[in-house]
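Peer 1:
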Amino acid sequence: MIPFELRSPQTGNPLKPDAPHALRDAGTGARWPVIDGIPYLRVGREALVERVLAHLDAGEPDEALAALLVDQDDWWNGPPADPAAIIRLIKDRRDATLRDAVHRLGWGRVGDYFLHRWSDPTFLAGLTLLEAHWNEPRCVFEFACGIGHYLRELERRGCKTAGADVVFAKLWVARHWVVGPKPQLVCFDAGSPHWPIPDAPVDLVVCNDAFYFLDDKTALLENLRQNAGDDGWLALSHIHNRECPGFSAGRAVTAEDIAELFPDALVYDDAELTRALVEARAPVPQEPAALRTCEAFSVVAGPGMRPAPRAVVDGLTLPKAGTVVRLNPLYQPDGEGYAIRWPSERYREEYAPRATYPTQSSGPEQLTFDGRIDGADTQRVRAREYVDLPERW
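Just so you know, the UniProt record's numbering puts 134 at position 134 of the sequence shown, and the rest follows in order with no gaps.
1. Measuring alpha carbon to alpha carbon, tell me which of 339, 357, 267 ends up nearest residue 309.
2. Does the distance from the C-beta atom of residue 141 to that of residue 66 stay below 8 angstroms?
3. Would you identify the three-state DSSP class for residue 295, choosing helix, strand or coil?
4. Can you tell me the Cα-Cα spacing of residue 72 and residue 373, whole angstroms?
5. State the beta-bridge partners of residue 240 as determined by DSSP.
6. Starting from residue 93 and walking both ways along the beta strand (DSSP E), at which residues does that stretch end?
7. Rounding to the nearest angstrom, what Cα-Cα distance links residue 189 and residue 370 in this structure?
8. Go through its chain and collect everything with a Cβ distance to residue 365's Cβ below 8 angstroms, but skip five positions before and after it.
9. Check for me: the alpha helix (DSSP H) holding residue 62 runs from which residue to which?
10. One question on the structure: do residue 296 and residue 238 come within less than 8 angstroms of each other, judged by their Cβ atoms?
11. Taking its Cβ as the centre, do 16 or more other Cβ atoms sit within 10 Å of residue 16, making it buried, or is it exposed?
12. Which whole runs of the beta strand (DSSP E) in the region 141-223 are 3 residues long or more, in chain order?
13. Tell me the DSSP secondary structure of residue 348 in three-state form.
14. Do residue 186 and residue 39 have their beta-carbon atoms positioned less than 8 angstroms apart in this structure?
15. Since residue 261 and residue 221 should fall inside the 8 angstroms C-beta cutoff, what is the C-beta to C-beta distance between them, to a whole number of angstroms?
16. For residue 14, which three-state DSSP category applies?
17. Let's test the definition: count the other Cβ atoms within 10 Å of the Cβ of residue 164 and tell me whether it reaches 16, buried, or not, exposed.
18. Roughly how many whole angstroms lie between the Cα atoms of residue 147 and residue 48?
19. Does chain B have any CB closer than 8 angstroms to the CB of residue 24?
20. Taking the C-alpha atoms as reference points, what is the distance between residue 294 and residue 255?
21. Quick one: what's residue 31 bridged to in DSSP?
22. Under three-state DSSP, which class holds residue 323?
23. What does residue 39 pair with, by DSSP beta-bridge criteria?
24. Mind checking residue 284: buried by the 16 CB within 10 Å criterion, or exposed?
25. In its own chain, which residues sit with a C-beta less than 7 angstroms from the C-beta of residue 362, not counting the 5 before and 5 after it?
26. Just checking, does the region 97-117 make contact with the region 168-182 on the three C-beta pairs under 8 angstroms criterion?
27. Anyone know if the C-beta pair for residue 205 and residue 227 falls short of 8 angstroms?
28. Among 384, 129, 339, whose alpha-carbon lies nearest the alpha-carbon of residue 357?
29. Can you check which of these residues, 235, 20, 34, 344, is closest to residue 298 by C-alpha distance?
30. Closest by CA to residue 317, which one among 109, 127, 86, 20?
31. Need the endpoints of the alpha helix (DSSP H) that residue 113 sits in, please.
32. Return the residue from the list 277, 4, 6 that minimises the CA-CA distance to residue 121.
33. Are the Cβ atoms of residue 306 and residue 135 separated by less than 8 angstroms?
34. Would residue 79 and residue 106 be called neighbours here (beta carbons separated by less than 8 angstroms)?
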């Protein structure tokens with residue numbers, strides 16, 4: 001855990017513990033709820049904050065949690081979650097699977113994305129970006145961390161980690177099904193009047209598949225650079241290109257925007273990073289102007305980044321020796337082997353063209369990775385035909 005000193009998103013005043021389930025503004029006395037060690041610091045949710053605190057003060061933690069689990073970001077356009085399903089999830093959280101959690105929270109296609117992200121080409125691009133510029137960071141902060149896919153990999157490499165997201169339910173799922181108790185997790189809005197973690201220099205700041213969503217990118221980047229301090233670096237991957245039609249909502253950017261926002265960066269085509277992983281080589285950066293037709297950009301920036309990318313052959317991109325990996329759950333039995341079955345047509349259209357795994361597999365359903373770069377099954381693991389999934393996936 002990284003011991004961030006949290007500040008009020010409304011006033012910027014320090015937040016101090018106020019009973020096990022709340023924080024209090026040292027200046028105004030305003031209180032903010034904390035559940036499972038996750039502070040809820042969203043602005044513009046005063047009525048919800050008041051209701052959650054009332055439940056917590058009354059000794060009703062499950063009712064408080066249920067109220068926060070239905071809160072969504074402003075981009076959400078799906079149906080509201082079923083309150084009864086959420087209550088069942090809360091009651092069953094020690095035995096339920098990640099699939100159960102995603103289903104009962106009513107996440108729809110977002111749930112498909114989270115369940116299969118371990119083999120999504122966009123996730124692999126982000127891992128490749130980190131591995132190509134890895135410099136043994138000790139403390140890592142991930143902005144818009146979702147349910148903790150990257151935090152899990154970073155924790156397992158010995159990093160102290162922290163993550164933030166605007167959706168409390170994602171952080172709660174991360175805590176119980178993906179990353180466990182170690183990372184510090186905080187729920188807040190990127191556009192808060194005050195950045196809740198201003199005095200928190202870390203070695204590395206990560207943001208994947210989220211930067212393009214934000215309106216005021218300059219202000220956000222200033223905050224992330226402040227978190228990285230004078231010696232840290234930033235890795236932002238899968239930033240959608242406005243000049244390339246795609247599937248994403250949000251506020252995509254252009255090559256000119258990338259050049260202006262990141263004058264000190266190395267810039268990559270997201271798809272080039274994924275190819276470099278499969279081919280076990282160093283990814284090749286390009287000038288932003290040469291990437292006008294790419295689907296998404298990825299960048300590394302800051303004084304702490306490696307000056308040149310290295311070959312992606314091990315590290316974050318492969319599990320440790322002795323890890324039991326499972327056949328990618330996208331495969332379903334088909335004759336004497338297995339074949340890909342996409343969770344939805346949208347998912348197929350978005351990811352099939354860049355998928356790194358074959359459409360057919362001979363199995364088996366699991367194997368033990370020996371950790372060798374040139375091992376018999378290494379390429380099958382590298383391509384995510386086999387995946388290192390959480391225990392309760």
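Heads up, the beta-carbon is just placed ideally off N, CA and C, and yes, glycines get one too.
Peer 2: According to the data block:
1. 267
2. no
3. coil
4. 42 angstroms
5. 296
6. Neither: residue 93 is in no beta strand (DSSP E) and is coded neither H nor E.
7. 42 angstroms
8. 326, 327
9. 61-69
10. yes
11. exposed
12. 160-165, 184-187, 204-208
13. helix
14. yes
15. 6 angstroms
16. strand
17. buried
18. 22 angstroms
19. No chain B is part of this structure, which consists of one protein chain only.
20. 9 angstroms
21. 24
22. coil
23. 34
24. exposed
25. 337
26. yes
27. yes
28. 384
29. 235
30. 127
31. 108-115
32. 277
33. yes
34. yes
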